[in-house]
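Undergrad: Using my numbering, count along the sequence shown one by one with no gaps and you end on 1091. This structure is in structure tokens; I'll ask about it shortly.
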Amino acid sequence: MENPGQVGAPAAFLDRDGVINIDDGYVVRAEDFQFVPGVLEACAELARLGLRLVVTTNQSGIARGLYSEEDFQWLSEWMRERFAAAGAPLAGVYHCPHHPTEGRGVLRRACDCRKPAAGMLRAAIRDLGLDPTCSVMFGDKRSDMQAAFDAGVAQRVLLGTDGAALRDAAQDGGLATARYRSLADAVADPALRALLRR
């Protein structure tokens, strides 16, 4: 997404569970982490197109006490290594450890980072010097689309969870600018690639 009038870099924001890995519920161990088929290759192509890759993920399992912040950070580092080896280095991994009703202690709260709130995306835009007007969000839930819309991300692509067919084309509430079965399918589409090169 070349945009000569903008200072910030273009980014591909990626939800994690259901987009990067199969969503088996509260995945925290490397041996349970299964990449959605084609996702690493698709991310490498996004990197070749000049987009910085940023993961934004709700992780209420931390708030619920199912795993620790350290567990999440360890798995994120393992995931970063897999991405780097595939030619798709991650510029950042942002997560929300809160839950408004099921969290324990200080993690039980309504926050501005848990999607559909846009806090994680706004933090990444600020921290990494990104330009949301020439960026794209890939997510499998309406909450991903809402967060991206509120953060000013121009392209919002709804994907099927775990690379499966979308169950309801309108499940994004009209917030998605495109819809595909998987990240691999999205990146293979010349029409979307043309948008990402602008």
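Even for Gly, the Cβ is constructed at its ideal location relative to N, Cα and C.
1) Give the range of the alpha helix (DSSP H) segment to which residue 978 is assigned.
2) Would you mind giving the Cβ-Cβ distance between residue 932 and residue 1077, rounded to the nearest angstrom? I have them listed as a contact below 8 Å.
3) Ends of the beta strand (DSSP E) at residue 912?
4) Looking at residue 1089 and residue 1075, is the spacing between their C-beta atoms short of 8 Å?
5) With DSSP as the reference, label residue 926 as helix, strand or coil.
6) Under the three-state reduction of DSSP, which class applies to residue 985: helix, strand or coil?
7) Starting from residue 1064, trace the beta strand (DSSP E) in both directions and tell me its first and last residue.
8) Using 8 Å as the threshold, is the C-beta distance between residue 1000 and residue 992 below it?
9) If you draw a straight line from the C-alpha of residue 1032 to the C-alpha of residue 1059, how long is it?
TA: Once the coordinates are examined:
1) It spans 962-978 - the alpha helix (DSSP H) in which residue 978 sits, taken as one unbroken run.
2) Residue 1077 and residue 932 do touch by the CB rule: their CB atoms are close to 7 Å apart, below 8 Å.
3) Neither: residue 912 is in no beta strand (DSSP E) and is coded neither H nor E.
4) Cβ distance not < 8 Å, so residue 1075 and residue 1089 don't count as in contact.
5) In this structure, residue 926 counts as coil in the three-state DSSP scheme.
6) In the structure shown, residue 985 sits in a strand (DSSP, three-state: E or B).
7) Judged by DSSP secondary structure, residue 1064 falls outside any beta strand (DSSP E); it is assigned neither H nor E.
8) Yes, these two residues count as a Cβ contact at 8 Å.
9) If you draw a straight line from the Cα of residue 1032 to the Cα of residue 1059, it is about 12 Å long.
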